[in-house]
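> Numbering (our numbering), first residue to last: 4 to 243.
1) Does residue 46 pass the burial test, meaning 16 or more other C-beta atoms within 10 Å, or should it be called exposed?
2) Within 10 angstroms of its Cβ, does residue 42 collect 16 or more other Cβ (buried), or is it exposed?
3) Please classify residue 224 as buried or exposed, where buried requires at least 16 other C-beta atoms within 10 Å of its C-beta.
4) With contact counted as at least three CB pairs below 8 Å, one residue from each stretch, are the region 54-65 and the region 85-99 in contact?
5) Roughly how many angstroms lie between the CA atoms of residue 99 and residue 180, to the nearest whole one?
6) Among the candidates 170, 176, 183, whose CA atom is the shortest distance from the CA of residue 198?
7) Measuring only the C-alpha atoms, how far is residue 190 from residue 196?
8) Kindly list the residues whose CB is nearer than 7 Å to the CB of residue 157, restricted to its own chain and excluding five residues on each side of it in sequence; keep chain order.
9) Quick check on the burial criterion: 16 or more other C-beta atoms within 10 angstroms. Buried or exposed for residue 33?
10) For the candidate residues 173, 143, 201, whose alpha-carbon lies nearest to that of residue 77?
11) Here's the rule I'm using: 16 or more other beta-carbon atoms within 10 Å means buried, otherwise exposed. How should residue 52 be labelled?
12) Where do the N-terminal and C-terminal ends of the alpha helix (DSSP H) with residue 185 fall, by residue?
13) Please report the Cβ distance between residue 133 and residue 176, rounded to the nearest whole angstrom; I am assuming they are in contact, meaning their Cβ atoms lie under 8 Å.
14) Near residue 91, what residues of its chain come up, given a Cβ to Cβ distance below 6 Å and the 5 sequence neighbours on each side ignored?
15) Between residue 112 and the rest of its own chain, which residues show a CB-CB distance below 7 Å, the 5 nearest in sequence each way excluded?
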């Protein structure tokens, strides 16, 4: 096989983690239309391009000031931060066009907290659910690119990198819809995604550290996001 059949096969193999997530959303009757899910996947795949642009900008700074750089900064800033920032940008565009950022949640003027916690939970769960798909879209395109060099990498990443990107995407998505409710928490969620991403990459890349531990961290972060999505969707109130 060569050409388009190979490309199709690589994309299909890279998309394997997407199908159980879509089935879960369907069986759980989450208020997410097929169009929303499709656009979330596409926005995640599109995030690869601003991430690459940011990586080039960071690389230019490193080349100009090599003395300020080290391997940890390379992993946490050039890789993790730029990829999460790219994901933030494309999800922001998606939520602006979908109207999700315009869904009002009233806040208590004294505490600054949402006056309707169940509705707030529903909105953040929605952001996490769409962000999770965006993370899988990013992983799908990235894994297909790796698979063009070595097909085994595509299958390996379907069970390692895909859960990581899904977990980080969920945090970015929830951060965006949390911003109008609790402005401080989204900042924490964004940087928690960067830290989880960076720790995972650090463990995978650095010799002498078990890759299994990195995979377990990614799976634990994904399970945490899945629990938030499930509980938030159940607590939601009002139109989604």
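Built from N, CA and C at the ideal position, the CB exists for glycine as well.
The answer reads as follows:
1) In the chain shown, residue 46 corresponds to position 43, counting from 1. Flag for residue 46 reads buried.
2) For the purposes of this step, residue 42 is taken as the residue at position 39 of the chain shown. Classification of residue 42: buried, given that the 10 Å Cβ count is 16 or more.
3) Position 221 of the chain shown, counted from the first residue, corresponds to residue 224. Its Cβ being crowded by 16 or more others within 10 Å, residue 224 is buried.
4) yes
5) In the chain shown, the residue the question calls residue 99 occupies position 96. In the chain shown, the residue the question calls residue 180 occupies position 177. Taking the straight line from one Cα to the other gives about 11 Å.
6) Along the chain shown, read from residue 1 onward, the residue named residue 198 stands at position 195. Measuring from the Cα of residue 198, the nearest candidate turns out to be 170.
7) Locating residue 190 in the chain shown gives position 187, counting from the first residue. Locating residue 196 in the chain shown gives position 193, counting from the first residue. Straight-line Cα distance between these residues: approximately 10 Å.
8) Locating residue 157 in the chain shown gives position 154, where the first residue counts as 1. 13, 16, 17, 146, 147, 149, 150.
9) Reading the chain shown from its first residue, position 30 is the one you call residue 33. Buried is the call here.
10) Position 74 of the chain shown, counted from the first residue, corresponds to residue 77. When only C-alpha atoms are compared, the closest one is 201.
11) Within the chain shown, numbered from 1, the residue matching residue 52 stands at position 49. Residue 52 comes out exposed.
12) To locate residue 185, count along the chain shown from 1; it is residue 182. Residue 185 -> no alpha helix (DSSP H), and no H or E assigned at all.
13) The sequence position of residue 133 within the chain shown is 130, counting from 1. The sequence position of residue 176 within the chain shown is 173, counting from 1. Rounded, the Cβ-Cβ distance is 5 Å, consistent with contact.
14) Your numbering for residue 91 matches position 88 in the chain shown. So the qualifying residues of the chain are 175.
15) The count along the chain shown starts at 1 and reaches residue 112 at position 109. Its pLDDT being 47, under 50, residue 112 is placed unreliably by the model, and nothing is read from it.
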